[in-house]
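Protein chains in written order, with our numbering: chain A, 1 to 207; chain B, 208 to 414. Virtual Cβ for every residue (Gly too), placed ideally from N, Cα, C. The model shown is predicted, which means the values in this text are computed figures rather than measured ones. Data first, discussion second: the structure below is written as structure tokens.
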DNA sequence: GGCGACTGATACAGTACTGTATCGGATACA
DNA sequence: TGTATCCGATACAGTACTGTATCAGTCGCC
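What follows is the structure in structure tokens.
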């Protein structure tokens, strides 16, 4: 059997193919955010990306597969970004600085939040995905935990690992909840400030 | 022109019609929660309700209209429930009791939360609905504000109206965020407890 | 620079959903 | 109890989407 026989298993990964795939992923992010995954069609994504449906089916077996690929891509990028932020954080930072860093690192765009809603909704309806989604969120909490601990230590507060995870959960909850409020009331300029305030309160109260 | 001429304007509201409408609404809640609004079809709702598509179009012009009717119905019911809880709350309750009351009043079922996600996602994509959705959330905050104030006063804390609204926002954010975590990790029995803990912290820290 | 492999455009069949039109039968009311 | 009203079942046409099959042009590799 010849080594590079028909691509049934692994089509050669050419530059062109990578480019196509990436543009499809990017277009999918926009379309899913705009219309919602449930209302998005293969045609929508192709039109946005500037490809035909042939190109799509050459790269993905279905919309579901593309959706999952997008989710994987986004979440690994996010974890990497958080890890990077933690790595460059010096010891001795104040709690306010920690909150600023966390807020600055986590995604802020309308599109990313809408996508997150889509991912969450999808996960809640597909238990196998829910497991993966929950694991991803745990990874995120584990990533920000060290930076939170730094801020607490700077304030003279020491906490157990279990308590730290609870604080990380509270931070995640406030982030999710407040960001939804901000999206619903884009005209309310006080909300970002309020969000930071609540985050600081939640962290200090937890320590 | 005869008064009760053709139903073009207002079809007579018979008992039968009310029943049909209610069963369609109930079925819609289940179907939208299960499949998501984007994936739900008129046929799905009819099948679940035990009616034919003719019955559906006799009562609603489109799925969108049914969706909005469901949203209206649910949100007014929720506001009423909260108002009722506030009305029967005696002065002098502790903060923990207040939290318990708030938690007990706000919707808890998986279905109601999934529906809320659908409503939020829809609102974020339709600005005219977003306004209405935001107004509804404001009404809810305004409803729980008095009960929160009661709890704070019992602890000897007095707050301004503005500060009270900020606390209500924090409570809403924690509720939304923590409930999502609970749904994603149904096996984690510690989360409801943690949610109460965070709620208490957020309220006291705000006072 | 030429050849073979593969990408992505186009065409097509099949399916699913929507919305309307029609009509039998149930229901409210005298 | 009779009857006019209208509810809701069924049938149908039109549309949109999916997934596959085919093929021309292009790219990678020697």
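Would you report the Cα separation of residue i and residue j, rounded to the nearest angstrom?
| i | j | result |
| --- | --- | --- |
| residue 48 of chain A | residue 59 of chain A | 16 angstroms |
| residue 158 of chain A | residue 206 of chain A | 10 angstroms |
| residue 134 of chain A | residue 363 of chain B | 40 angstroms |
| residue 168 of chain A | residue 67 of chain A | 27 angstroms |
| residue 198 of chain A | residue 252 of chain B | 41 angstroms |
| residue 69 of chain A | residue 62 of chain A | 11 angstroms |
| residue 384 of chain B | residue 306 of chain B | 16 angstroms |
| residue 188 of chain A | residue 179 of chain A | 12 angstroms |
| residue 289 of chain B | residue 352 of chain B | 11 angstroms |
| residue 139 of chain A | residue 41 of chain A | 31 angstroms |
| residue 242 of chain B | residue 37 of chain A | 12 angstroms |
| residue 260 of chain B | residue 321 of chain B | 25 angstroms |
| residue 209 of chain B | residue 221 of chain B | Because the pLDDT at residue 209 of chain B is just 30, under 50, the model does not fix this residue reliably, and the point stays unresolved. |
| residue 57 of chain A | residue 126 of chain A | 23 angstroms |
| residue 39 of chain A | residue 238 of chain B | 16 angstroms |
| residue 141 of chain A | residue 223 of chain B | 53 angstroms |
| residue 312 of chain B | residue 344 of chain B | 15 angstroms |
| residue 339 of chain B | residue 161 of chain A | 42 angstroms |
| residue 230 of chain B | residue 382 of chain B | 29 angstroms |
| residue 43 of chain A | residue 291 of chain B | 49 angstroms |
| residue 373 of chain B | residue 193 of chain A | 11 angstroms |
Does the Cβ of residue i have 16 or more other Cβ atoms within 10 Å, making it buried, or fewer, making it exposed?
| i | result |
| --- | --- |
| residue 335 of chain B | exposed |
| residue 282 of chain A | Here chain A has residues from 1 to 207 only, and residue 282 of chain A is not among them. |
| residue 201 of chain A | buried |
| residue 271 of chain B | exposed |
| residue 88 of chain A | exposed |
| residue 282 of chain B | buried |
| residue 18 of chain A | exposed |
| residue 173 of chain A | buried |
| residue 27 of chain A | buried |
Let me make sure I understand the geometry here. Which of the options has the alpha-carbon closest to that of residue i?
| i | options | result |
| --- | --- | --- |
| residue 297 of chain B | B/390, B/330, B/358 and B/249 | B/358 |
| residue 318 of chain B | B/289, B/410 and B/236 | B/236 |
| residue 107 of chain A | A/80, A/204 and A/41 | A/80 |
| residue 398 of chain B | B/327, B/348, B/310 and B/289 | B/310 |
| residue 240 of chain B | B/229, B/312, B/382 and B/323 | B/323 |
| residue 154 of chain A | A/203, A/22, A/113 and A/186 | A/203 |
| residue 25 of chain A | A/73, A/78, A/77 and A/109 | A/73 |
| residue 186 of chain A | A/23, A/136, A/109 and A/132 | A/109 |
Kindly give me the distance between the Cβ atoms of residue i and residue j, rounded to whole angstroms, as I take these residues to be in contact under 8 angstroms.
| i | j | result |
| --- | --- | --- |
| residue 101 of chain A | residue 147 of chain A | 6 angstroms |
| residue 164 of chain A | residue 149 of chain A | 6 angstroms |
| residue 391 of chain B | residue 123 of chain A | 7 angstroms |
| residue 119 of chain A | residue 71 of chain A | 5 angstroms |
| residue 328 of chain B | residue 121 of chain A | 7 angstroms |
| residue 293 of chain B | residue 350 of chain B | 6 angstroms |
| residue 262 of chain B | residue 227 of chain B | 6 angstroms |
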